[in-house]
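A.B. asks: Residue numbers (the UniProt record's numbering): 1 to 854. Ideal Cβ positions, reconstructed from N, Cα and C, are used throughout, including at glycine. Just so it is clear, the structure is predicted and the values come from calculations on it, not from any experiment.
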Amino acid sequence: MTVKMKGDGNMIVKRKGGGSIIDQRPLFSSDGETLYIVWKNVIRVYSTQTGDFVREFEPLDYRIAGVISHPDNTSVIIGCTENGELYFWNCQSGIITKKLQLKFLAKDKAKIKTFHIVKHRTAQGNEICQTLITHLSDCRNKIYVLLFDIETGTFIRSIYILTKSHEYYTDIIGNHGENLIALLHDTDLHILNPARNLVDTIHKTGKTGRVPTCIAGHPEEECVATGDSTGRVLVWRSLFQTRPYTAVFHWHTLPITEIVFSKSGGHMYTGGGECVLVKWTLANPQHKSFLPRLPAPIKHLTIAPDNLYVAVSTLDNGIVIVNPQRKLTSVIQNFTWGVASSSKNLFPAGLIVDSRTGSLVLNSRTGHVQFYNIHTKNLLYNINITAQNFLTQERDVIIVNTEVTKIALNHDGTWMATVEERNDKVSSIEVRLKFWLYDLKKQIFVLNTSIELPHENGINALHFQPDTTFDDGEWLAVTTGRDNKFKLWNLRKSSTVEDKETKHWYCYGVGDYRNLAATDAGFSVDGSLLAVGFNSTLTLWLPETCELKSSLTHSQYNEPISRIEFGKHEVCHLVVVVSQQHITVWNILTLAITWSVPLNVVSLTSDLKSTYMAAFTSDNSCMLKIHLFSVYVFTPRSATLIYKKTCLIESTSSILAATFVPHLQEKRNPSFGQWQRKSQLFFLDSNQELLTLEPESEASVSLEIISDKGTMPLTAFSNFIATQTSSSKEPTVAQVHEHLGIPAKGMIQELLSVPAHTLPPMRLLCTSFILSLAGQQPLKNQNSRNVENSRDSDDDDQDNASDVRDIEVLPPTKPVVTSTNEKEDMDEDANAQPLTSHDWSFLSAIFPDQDNVL
Numbered sequence: 001m002t003v004k005m006k007g008d009g010n011m012i013v014k015r016k017g018g019g020s021i022i023d024q025r026p027l028f029s030s031d032g033e034t035l036y037i038v039w040k041n042v043i044r045v046y047s048t049q050t051g052d053f054v055r056e057f058e059p060l061d062y063r064i065a066g067v068i069s070h071p072d073n074t075s076v077i078i079g080c081t082e083n084g085e086l087y088f089w090n091c092q093s094g095i096i097t098k099k100l101q102l103k104f105l106a107k108d109k110a111k112i113k114t115f116h117i118v119k120h121r122t123a124q125g126n127e128i129c130q131t132l133i134t135h136l137s138d139c140r141n142k143i144y145v146l147l148f149d150i151e152t153g154t155f156i157r158s159i160y161i162l163t164k165s166h167e168y169y170t171d172i173i174g175n176h177g178e179n180l181i182a183l184l185h186d187t188d189l190h191i192l193n194p195a196r197n198l199v200d201t202i203h204k205t206g207k208t209g210r211v212p213t214c215i216a217g218h219p220e221e222e223c224v225a226t227g228d229s230t231g232r233v234l235v236w237r238s239l240f241q242t243r244p245y246t247a248v249f250h251w252h253t254l255p256i257t258e259i260v261f262s263k264s265g266g267h268m269y270t271g272g273g274e275c276v277l278v279k280w281t282l283a284n285p286q287h288k289s290f291l292p293r294l295p296a297p298i299k300h301l302t303i304a305p306d307n308l309y310v311a312v313s314t315l316d317n318g319i320v321i322v323n324p325q326r327k328l329t330s331v332i333q334n335f336t337w338g339v340a341s342s343s344k345n346l347f348p349a350g351l352i353v354d355s356r357t358g359s360l361v362l363n364s365r366t367g368h369v370q371f372y373n374i375h376t377k378n379l380l381y382n383i384n385i386t387a388q389n390f391l392t393q394e395r396d397v398i399i400v401n402t403e404v405t406k407i408a409l410n411h412d413g414t415w416m417a418t419v420e421e422r423n424d425k426v427s428s429i430e431v432r433l434k435f436w437l438y439d440l441k442k443q444i445f446v447l448n449t450s451i452e453l454p455h456e457n458g459i460n461a462l463h464f465q466p467d468t469t470f471d472d473g474e475w476l477a478v479t480t481g482r483d484n485k486f487k488l489w490n491l492r493k494s495s496t497v498e499d500k501e502t503k504h505w506y507c508y509g510v511g512d513y514r515n516l517a518a519t520d521a522g523f524s525v526d527g528s529l530l531a532v533g534f535n536s537t538l539t540l541w542l543p544e545t546c547e548l549k550s551s552l553t554h555s556q557y558n559e560p561i562s563r564i565e566f567g568k569h570e571v572c573h574l575v576v577v578v579s580q581q582h583i584t585v586w587n588i589l590t591l592a593i594t595w596s597v598p599l600n601v602v603s604l605t606s607d608l609k610s611t612y613m614a615a616f617t618s619d620n621s622c623m624l625k626i627h628l629f630s631v632y633v634f635t636p637r638s639a640t641l642i643y644k645k646t647c648l649i650e651s652t653s654s655i656l657a658a659t660f661v662p663h664l665q666e667k668r669n670p671s672f673g674q675w676q677r678k679s680q681l682f683f684l685d686s687n688q689e690l691l692t693l694e695p696e697s698e699a700s701v702s703l704e705i706i707s708d709k710g711t712m713p714l715t716a717f718s719n720f721i722a723t724q725t726s727s728s729k730e731p732t733v734a735q736v737h738e739h740l741g742i743p744a745k746g747m748i749q750e751l752l753s754v755p756a757h758t759l760p761p762m763r764l765l766c767t768s769f770i771l772s773l774a775g776q777q778p779l780k781n782q783n784s785r786n787v788e789n790s791r792d793s794d795d796d797d798q799d800n801a802s803d804v805r806d807i808e809v810l811p812p813t814k815p816v817v818t819s820t821n822e823k824e825d826m827d828e829d830a831n832a833q834p835l836t837s838h839d840w841s842f843l844s845a846i847f848p849d850q851d852n853v854l
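1. Tell me the rounded alpha-carbon separation between P815 and P59.
2. On the criterion of 16 or more Cβ atoms from any shown chain inside 10 Å, does P194 qualify as buried, or is it exposed?
3. Do I12 and E650 have their beta-carbon atoms positioned less than 8 Å apart in this structure?
4. Looking only at C-alpha atoms, which of A639, H70 and T230 sits nearest to G209?
5. Go ahead and pull the three-state DSSP assignment for H627.
6. Measure from the alpha carbon of residue 856 to the alpha carbon of each residue in K103, F88 and L102, then state which is nearest.
7. Tell me where the beta strand (DSSP E) around H135 begins and ends.
8. Relative to the C-alpha of S596, which candidate in F616, G94, V575 and S610 has its C-alpha closest?
9. DSSP on V276, reduced to helix/strand/coil?
10. To the nearest whole angstrom, what separates the beta carbons of Q465 and G567, a pair I think is in contact under 8 Å?
11. Classify A283 as helix, strand or coil using the three-state DSSP reduction.
12. Out of Q333, W541, G367 and K549, which has the shortest C-alpha to C-alpha gap to S47?
13. To the nearest whole angstrom, what separates the beta carbons of L437 and N448, a pair I think is in contact under 8 Å?
14. Out of F115, Y168, E56 and Q580, state which residue places its alpha-carbon closest to the alpha-carbon of I78.
15. How many angstroms separate the CA atom of E420 from the CA atom of L379?
16. State yes or no: is the C-beta of R365 within less than 8 Å of the C-beta of P295?
17. Sorted by chain position, which residues of the same chain lie with C-beta nearer than 7 Å to residue 856's C-beta, five sequence neighbours on each side aside?
18. Considering Cα atoms alone, identify which of S536, S550, E544 and C546 is closest to H582.
19. Please report the residue range of the beta strand (DSSP E) in which N193 lies.
20. Quick one: Cα of T640 to Cα of K678, how far?
21. Can you name, in chain order, every residue of its own chain whose Cβ lies under 6 Å from the Cβ of G273, other than the five neighbours on each side?
22. Note down the Cα distance separating D31 from V312, rounded to an integer number of angstroms.
23. Going by DSSP in three states, Q101 sits in which element: helix, strand or coil?
24. Let me know if N10 comes out buried or exposed under the rule of 16 or more other beta-carbons within 10 Å of its beta-carbon.
25. Return the bridge partner residues of F290 from the DSSP annotation.
26. Is it true that the CB of N600 sits closer than 8 Å to the CB of Q580?
27. Would you identify the three-state DSSP class for P305, choosing helix, strand or coil?
28. For G358 and F261, I'd like the C-alpha separation in whole angstroms.
29. So what does DSSP say about Q388, is it helix, strand or coil?
30. Specify, as a first and last residue, the run of the beta strand (DSSP E) that C223 falls within.
31. So, with DSSP's three-state summary, where would you put R44?
32. Tell me the residue span of the beta strand (DSSP E) that contains A517.
33. Please tell me whether F486 and A517 are closer than 8 Å, where the distance is taken between their beta carbons.
34. Below 7 Å CB to CB, which residues in the same chain sit around Y508 once its five sequence neighbours on both sides are set aside?
35. Do N460 and I429 have their C-beta atoms within less than 8 Å of each other?
36. Do the region 265 to 272 and the region 236 to 247 make contact, defined as three or more Cβ pairs closer than 8 Å?
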C-alpha cells in the first residue's frame, strides 16, 4: 500500500512523543529516588528529585498492563503485557533477565486488565508467591481471576465472576504473607482468599445509583476502601463477617478516581475531578488536609517506601511528586494533554513550528500552550494564555473552560498570536485575540496586546505575514472570522510612557466578499499578496491597501475552502486550495487552474525549506466500516505523487494536525527520500501521540543518545569532530585553516578543562588532534563528479527519486570534498605536501609557555 520512490527506503511510522504516561500506576524504586513509568511497551525511569529522564528499560513487543517490584528482590521489576507475558528487568541495567508466557487457554483473545502478585502460606506453613491476572471474557459478561506460579508461569487455579458492567477494580489486601484479593464491580465487593482456592465472600456496596469507581487494600489489616460516583469513600473492616464494619469518608463532590493507603496504613489519600489531593487520618475522619489546584483531575496515586513521596498522576498526562507535607518536589511531564475540552478537536490550534527554538508549539492543558522539543523529547515550557483558573466539573452539569483555539508565530519567533474562545451556548461567546512579544532578557513571552471580540462568533484562521513589505518592524497579521469578514492587524507606535515609545497591535483593514463565509487565509512567500477563502471562492488582496485584485472559483466544486497554502521557492506563484472533497492548484500569474484532483483531505502542511507539501486523507472502508488514513507528498507544480503511504495509524484513531520540522542538519543518507532531506514530517493523532515517518534504519536509533549536533553524544571531544557533508551542487572553495591561531585557544582550554580521568591516553589523541588543526587537501572524487554530470536541480520533482549519492569513505587524514572542476582537482593533488613539510609556527600562539610542542 506504499508508493516507494527510489531513495525513499522502507518508511515506517515512528512515535516521537506524546502517548500516555498515566495509563498505568507508576512505581517507586526501593529507595524512593527514582520513579518507573509505563509508556505503552516501555518502562522509563525518572528522578523523583528533579523530574529528569534517567534511562529507558529494554522495550517489549506488546503493551504493558502493569509493573510491580519483586516481593523478594527489590532490584528486580516484574511487568505483565496485555497478551499474558511476564518479564523480569534488572533495575540497574534495565535489561530483561527472564521471560515467561503465562499458560492459560484464552491467551489469544484475552486482554489482561490487571496484574498483581499475591503471597500466602500453604497448609505445611510454606510461603509461596503467585501471579494474579484478571480479564474479561469474550462476551464481556464474566470476569476471570487466574493464579500462576511466578517462577514457571504454570497455571494454578481460576474462577470467574458474572458481571453486568465492563468496569471492575481489583487490589491486594495485606502485605505480610497472607494476602487477600479484593474485586469491586457493579454493587458487589468480592473478597477472595488465595490460600483457600479463591473462596469468595460477597458484600453489597450500596444503592444502584452509587456506581463503584475505585478500590484500595489496606497494607497491614483486613481492611479495604472503596470509592463511588457520588464522591463517597467507604472503609470496610472485618471482611469475613456477615455484616462488615464500615466508615464513611465524604468530602468529594465528583466521583472518586483513586484511593491509596500510606505504607503504615494510618493515613489514606484520595483524589478525583476536583483537582485536589485529600489526606485523611483513618482514626479520625474529621481530620483531613488538602493539596488544591493540581494541574488536572487525578488519575493515579502512588506512595513511595517509608512514605517519602506521593506521586500524583493527573489527566493532563503529567505526574506531580509531593512529600507527605504536601510540598511540591518535582513534575514529570513530557507531552501535555488538554483536559475536558469543550471542543471535539483535542488540539484545535494544530501544530506550529517555532523557528527560534526549533520546537513544536501546540495546545497544552486547558488554557495553556506548550513548546515541545522533538529532538530531545523534552517539554520546554507551558505558557498560561488565558490566565484563568481551571473550572472543575459539577454533578450533571458540563462546565466549559476557555480554550486556546488558534496559535501563530512570525518567521523569527519574536511574536506569537493566540486566540482564546469560550462558548457555553448559554451566555455570550467570549473571543480574545492576544499578541505576545518574546522578552530576550526574561526568556519568556510577554503579553503586548489583548483585543476583546475581534470577530463576532469566533475566529476561523490566524496567520502572520511571512516577510513584511512595510518598514522594518512593522509586522502584519490576518484573521478571518465567523462574521464573514477578514481583518488585517498592524504593529504601530501608540503612546509614550516615561519617554519611551510603545508599540501595540491595531486593526487597520477589514474586508468581505458578497457576504460569504470567510474560511482560511494565507500570505504569499514575500508577503505581497493575501489570499482569503470565502465559501468556495478564492479571493486575492493587496495587504497594504486591503484592495481586492481577483476572485477565483472552480466551476465543478462548490464545497467551502478549508485550507489555503502558497507554494514556496520556485513555485511561489502557485496556491493550493483544499476543500472537503478536492485539492485545486491555481496559478496566480495566469489566474488559471494548474491541476485539480478529488481527495478527502483532513490536514495539509507545507515545508518551508522546499517545495514539498503533504496532504493527509481519510478514506472510508465500506467493507470494514473503518477510516483509513493516508499521506500524499507532492509539489504544487504537478499532480504526480512524490510519495504515498496508507494505513498510517490504527483504525480507531484519526489524524488531528501535521507539520514539517526542519532538520538540524540536512540529511544525506540515501535511505531518506529527497522530500525528507531538509525537513521531517510530523503528525498528531487522536491518541495524542506525536508520530513521524522514518526510514527503518533510522528508527532504531534512540533519541536519548542523539545530540543536537549529530548522532554522537555531546562531549568536549565531539566539538572537534567535523560532521561534514558534501553535495555535488556545492562549489569548490579554498581550504583554509579555520581553527588555527588564537581562535583555537578556547578549544584548547576546553579540552584541558575536562577531568583527566575521563580522557583516553594522550598518545591516541595527539595525532588526530594535530591533524585536525593542520587543514587537509581535497581529493578528487570521481563518483561524485559522475553524479553531478547526470542530474539536474535538487528540487526537480520528476527526478527526485534518482538523487542517490555514492560517497567514498576515505581515511580521516584525507577528507572527502566533492569537486566540480577536474583541473582544480589535479592541481590540488599535485600541490599536496607531506605532513612534515607544514609550517607549525602557529602552535606558538596556542602554547605560548611551551618550548617544544611536538
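C.D. replies: Result, derived from the coordinates:
1. Caution is warranted here: a pLDDT of 30 is assigned to P815, below 50, making its placement in the model unreliable, and no coordinate value can be reported.
2. Under this definition P194 is a buried residue.
3. At a Cβ-Cβ threshold of 8 Å, E650 and I12 do not count as neighbours.
4. Nearest of A639, H70 and T230 to G209, Cα basis: T230.
5. Correct three-state label for H627: strand.
6. Because the chain in this structure spans residues 1 to 854, residue 856 falls outside the shown range and cannot be described.
7. Start and end: E127 to L136.
8. Checked all of F616, G94, V575 and S610; the closest Cα to S596 is V575.
9. Three-state DSSP puts V276 in coil, outside helix and strand.
10. So it is not a contact: roughly 17 Å between Cβ atoms.
11. In the structure shown, A283 adopts coil according to DSSP, grouped into three states.
12. Ranked by how close their Cα comes to the Cα of S47, the residues Q333, W541, G367 and K549 have Q333 in first place.
13. Contact between L437 and N448 holds: their C-beta atoms lie close to 5 Å from each other, under 8 Å.
14. Comparing Cα positions, the closest option is F115.
15. Cα to Cα, the separation comes out at about 22 Å.
16. Yes, the Cβ-Cβ distance between R365 and P295 is below 8 Å.
17. Because the chain is modelled from 1 through 854, residue 856 falls outside the range shown and cannot be assessed.
18. Minimum Cα distance to H582 is reached at S536.
19. From DSSP, the beta strand (DSSP E) with N193 extends over D188 to N193.
20. Our two residues, T640 and K678, have alpha carbons roughly 20 Å apart in a direct line.
21. In its chain, beyond the 5 residues on either side, L254, P297, T392 and Q393 have a beta carbon closer than 6 Å to the beta carbon of G273.
22. Distance between the alpha carbons of D31 and V312 is about 18 Å.
23. Strand, per DSSP.
24. Burial is judged here by how many other beta carbons sit within 10 angstroms of a residue's own beta carbon; N10 has fewer than 16 and is exposed.
25. V278, per the DSSP bridge assignment.
26. Cβ atoms of Q580 and N600: closer than 8 Å.
27. In this structure, P305 counts as helix in the three-state DSSP scheme.
28. Between G358 and F261, the alpha-carbon positions lie close to 44 Å from each other.
29. If DSSP states are grouped into helix, strand and coil, Q388 belongs with coil.
30. For C223, the uninterrupted beta strand (DSSP E) run begins and ends at C223 to D228, by DSSP.
31. Here R44 sits in strand by DSSP.
32. Looking at the DSSP string, A517 is not in any beta strand (DSSP E), and its letter there is neither H nor E.
33. Taking 8 Å as the cut-off, the Cβ atoms of F486 and A517 do not count as close.
34. Take Y508, set aside five residues on each side of it, and the residues of its chain with a beta-carbon closer than 7 Å to its own are L488 and N490, in chain order.
35. Contact: no.
36. The region 265 to 272, when compared against the region 236 to 247, does not touch it at the 8 Å Cβ threshold.
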